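In the working numbering, the protein residues as written are 29 to 359.
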């Protein structure tokens with residue numbers, strides 16, 4: 029029996045499900061969570077939605093987003109199965125989730141993603157590396173099960189496609205992205221409303237944060253690596269939070285000739301010292317997921333992240349060295 033067949037039987041037989049995704053979730057993670065959750069509830073199942081960081085304000089327009097909790101549902105007892113979406117392995121859901129998983133309360137663990145995994149951490153996997161978004165993998169599961177896709181589910185899945193294809197601009201914009209998007213619009217997803225919520229709802233504070241961040245722009249001598257820095261004091265100066273850094277890495281990425289863009293975000297210090305959240309974006313020639321994995325992180329070929337300890341200069345040196353190695357290997 030294939031993993032897909034096993035998961036379908038699991039859904040049909042189970043009654044209680046937990047759904048989670050990676051830390052610092054983006055539109056694909058949240059949209060996939062909500063689409064799957066709404067579909068399972070449509071079957072009369074009990075569903076609990078959890079993400080360590082919750083749903084970003086930017087995605088509060090998505091149907092069901094307010095039901096995503098930041099605390100693990102210990103009071104809910106055990107689950108028949110747990111779905112970890114848009115994650116190549118369960119560790120990306122955070123340390124708290126890993127501890128919860130170790131208690132056995134998660135039941136059968138299923139990973140749904142659009143990238144291959146290198147770390148076995150679940151019982152079953154529904155993976156499609158060619159899919160433009162994890163939301164499309166969820167869509168395929170729902171269609172295979174002949175489940176009803178409501179306008180609310182359609183809006184969530186449509187948003188995953190828009191976010192992960194860069195509004196149908198990136199290399200992963202395959203014909204199926206347009207075909208499925210068209211079907212979702214026919215069902216009830218509203219492209220204008222999604223676009224307005226994603227791209228025309230920024231706060232004044234975020235624009236002021238952007239102005240400060242762009243002042244830190246650095247470009248390598250050969251013009252193939254560009255980076256920016258977000259320091260904690262920038263949040264105080266602009267009245268923003270780490271949520272407002274979403275998408276900022278795309279500004280250095282937009283520079284002509286740049287192959288890899290990096291955003292270094294200063295985190296709270298801990299016992300290991302200075303900590304930096306590193307966001308990596310590639311235009312396609314460099315697999316940044318492999319770079320992220322070197323530092324204990326991960327992601328997808330064109331979008332990945334990791335956490336690195338040390339001073340900014342030390343962290344930059346280590347990350348840039350890894351990127352340069354990848355660029356040289358590419359040649």
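Cβ atoms here follow ideal geometry from the backbone N, Cα and C, with glycine treated the same way.
Model, not experiment: these values are computed from the prediction.
Close CB contacts of residue 67 within its chain, under the 7 Å cut and outside five residues either way in sequence, are with 170, 175, 181 (chain order). For residue 111, the enclosing beta strand (DSSP E) stretches over residues 109 to 113. Annotation: the segment 46 to 77 contains the following complete segments of the alpha helix (DSSP H) (minimum length 4 residues), in chain order: 55 to 70.
Residue nearest to residue 193 within the set 220, 109, 331, 77 is 331 (criterion: CA-CA distance). In the structure shown, residue 310 falls within a strand segment according to DSSP collapsed to helix, strand and coil. For residue 133, there is no enclosing alpha helix (DSSP H), as DSSP gives it neither H nor E.
Under the three-state reduction of DSSP output, residue 153 falls in the strand class. Counting only residues of its own chain and dropping the five nearest sequence neighbours on each side, residue 253 has a CB closer than 6 Å to the CB of 288, 351. For residue 333, the uninterrupted beta strand (DSSP E) run begins and ends at 331 to 337, by DSSP. Within the DSSP secondary-structure output, residue 246 pairs in a beta bridge with 255. Counting only the Cα atoms, residue 321 lies some 26 Å from residue 131. Residue 291 places its beta carbon 9 Å or farther from that of residue 314. Note: residue 294 is bridge-paired with 304 in the DSSP secondary-structure output. Setting aside the 5 residues that flank it on each side, residue 128 is surrounded in the same chain by 100, each with a C-beta closer than 6 Å to its C-beta; the list follows chain order.
When DSSP states are grouped into helix, strand and coil, residue 288 belongs to the strand group. Collapsing the DSSP output to three states places residue 326 in a strand. Residue 82 and residue 282 have their C-alpha atoms roughly 28 Å apart. In chain order, 247, 251, 252, 253, 254, 280, 311 place their CB closer than 8 Å to the CB of residue 286, counting only its own chain and leaving out the 5 sequence neighbours on each side. The continuous alpha helix (DSSP H) containing residue 210 extends over residues 203 to 215. Note that the C-beta distance between residue 185 and residue 154 is not below 9 Å.
Contact annotation, residue 87 with residue 58: C-beta distance approximately 5 Å; criterion of less than 8 Å satisfied. The C-beta separation of residue 304 from residue 294 comes to about 6 Å, placing the pair in contact by the 8 Å criterion. Minimum Cα-Cα distance from residue 221 among the listed residues 235, 91, 348 corresponds to 91. Counting C-beta pairs closer than 8 Å gives fewer than three between the segment 194 to 208 and the segment 230 to 237, which falls short of the contact rule.
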